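The sequence shown: position 11 = 12 (the working numbering), numbered continuously. Glycine included, each C-beta is placed from N, C-alpha and C at the ideal position. Predicted model only: the values in this text are computed from it and were never measured. Read the structure below first, then the notes.
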Amino acid sequence: MAPRKIIIDTDPGQDDAVAILLALASPEEIDVLGITAVAGNVPLELTAKNARIVCELAGHTHIPVYAGCDRPLNRPLVTAEHVHGKTGLDGPVLPDPEMPLAEGHAVDFIIETLRAHESGTVTLCPLGPLTNIATAFRKAPDIVDRVQEIVLMGGAYFEVGNITPAAEFNIYVDPEAADIVFKSGAHIVVMPLDVTHDALVTPHRNDAFRALDSQVGHAVAEMTDFFERFDKEKYGSEGAPLHDPCVTAYLIRPELFSGRHINVEIETQSELTLGMTVADWWRVTDRAPNAMFIGDVDAQGFFDLLTERLARL
Ligand SMILES: [Ca+2]
2 MAPRKIIIDT DPGQDDAVAI LLALASPEEI DVLGITAVAG NVPLELTAKN
52 ARIVCELAGH THIPVYAGCD RPLNRPLVTA EHVHGKTGLD GPVLPDPEMP
102 LAEGHAVDFI IETLRAHESG TVTLCPLGPL TNIATAFRKA PDIVDRVQEI
152 VLMGGAYFEV GNITPAAEFN IYVDPEAADI VFKSGAHIVV MPLDVTHDAL
202 VTPHRNDAFR ALDSQVGHAV AEMTDFFERF DKEKYGSEGA PLHDPCVTAY
252 LIRPELFSGR HINVEIETQS ELTLGMTVAD WWRVTDRAPN AMFIGDVDAQ
302 GFFDLLTERL ARL
């Protein structure tokens, strides 16, 4: 089978970095057409820089990296330096990128790419707030039907929230954008906190990254060491969840994941529950299903895949 063509829309972020590395290490299954940066974990200037740092770390300097929207559709930007550090990629010491940003706006790249490829052959992989994707859908509604699938990290149902008691960070930062995407009619697969909180980097798993004894292995171990401090304190868990790599792992080994095709709506009004993903997991409404909401992952299978693929870089 030909590799799946994807655009990674991202706000690196250490876990974004690992998701990108996994994709770049898996050319049999994944063809990365480009990377689009969005403001999220840290401001756009840093996410656009970090995306290039990650491409250079992987030795894939030919991947075009575009800068996108620098703020949510209707709101001021909320960032997460408290988790990811001041740079967004705190942990390893990595050189500033030499590769330039690609010319043009990320939103136009998304639109032009979907129009240029045969309909139904390009998958969007959002790993941050959905601002770029929603802006592209608003600007060019014709592209929605051309999307093969949107596989995104965001939201939560059983795990509820990580930035507020009710909301997951990516959806909370730009709930209006998320609302546009979830109502778009595109095929959506969601990796919520319910599944990513099972993808924990235990000390044993992080040792496996370090034992690769490569630049990538050490960098990933050091990134994980960094944000693990925050998560261990917050959740009392034995390691940090690797949220975003669930998206790229799904493209390679979908059988590691299971979920339900259900209705998911985004709360955009309430001050108390803004950005909540109201997921009809128990199918108690007759609202039409609009997303495959993942609930389970074979965590060891996921980490085995990740370690095996990172070893290639
Ligand atoms: Ca992210």
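Apart from the 5 residues on each side of it in sequence, residue 43 sits with its Cβ closer than 6 angstroms to the Cβ of 80 and 89 in its chain, given in chain order. Sequence-distant Cβ neighbours of residue 164 in its own chain, meaning closer than 7 angstroms and more than five residues away, are 170 and 173.
By the neighbour-count criterion, in which a residue is buried when 16 or more other Cβ atoms sit within 10 angstroms of its Cβ, residue 309 is exposed.
Residue 192 has its Cβ no nearer than 8 angstroms to any heavy atom of ligand 1. DSSP places residue 262 in no alpha helix (DSSP H) but in the uninterrupted beta strand (DSSP E) bounded by 258-263. A buried status is given to residue 13, since no fewer than 16 other beta-carbon atoms sit within 10 Å of its beta-carbon. Under the three-state reduction of DSSP, residue 168 is assigned to coil, being neither helix nor strand. Residue 122 has its alpha-carbon roughly 26 angstroms from the corresponding atom of residue 196. The three-state reading of DSSP puts residue 126 in strand, counting E and B together.
Under the three-state reduction of DSSP output, residue 224 falls in the helix class. Distance from the CA atom of residue 40 to the CA atom of residue 186, rounded to whole angstroms, is 25 angstroms.
Residue pairing by DSSP puts residue 6 in a beta bridge opposite 32 and 123. A check of alpha carbon separations from residue 98 across 136, 131, 46 and 145 identifies 46 as the nearest. For residue 35, the shortest C-beta to heavy atom distance toward ligand 1 is 8 angstroms or greater. Beta-bridge analysis with DSSP links residue 106 to 68. In this model, residue 151 and residue 7 are separated by some 9 angstroms (Cα to Cα). For residue 160, the closest C-alpha among the options 190, 242 and 130 is that of 242.
Looking at the DSSP output, residue 297 shares a beta bridge with 259. The criterion of a C-beta distance shorter than 9 angstroms is satisfied by residue 298 and residue 200. Between residue 31 and residue 4, the C-beta spacing is below 9 angstroms. Excluding five sequence positions before and after residue 29, the CB atoms of its chain that fall closer than 8 angstroms to its own CB belong to 4, given in chain order.
The region 268-277 makes no contact with the region 198-213: fewer than 3 CB pairs, one atom from each, lie closer than 8 angstroms. Contact between the region 65-76 and the region 216-228 is absent: fewer than 3 CB-CB pairs across the two stretches fall below 8 angstroms. Rounded to the nearest angstrom, the gap between the Cα atoms of residue 133 and residue 108 is 6 angstroms. Residue side-chain check: residue 242 keeps its Cβ at 8 angstroms or more from all non-hydrogen atoms of ligand 1. Nearest C-alpha to residue 157 among 124, 248, 279 and 304: 279. Boundaries for residue 15: no beta strand (DSSP E) harbours it, while the alpha helix (DSSP H) harbouring it runs 15-25, taken from the DSSP string. Excluding its 5 nearest sequence neighbours in each direction, residue 115 has C-beta neighbours in its own chain below 6 angstroms: 123, 144 and 147, listed in chain order.
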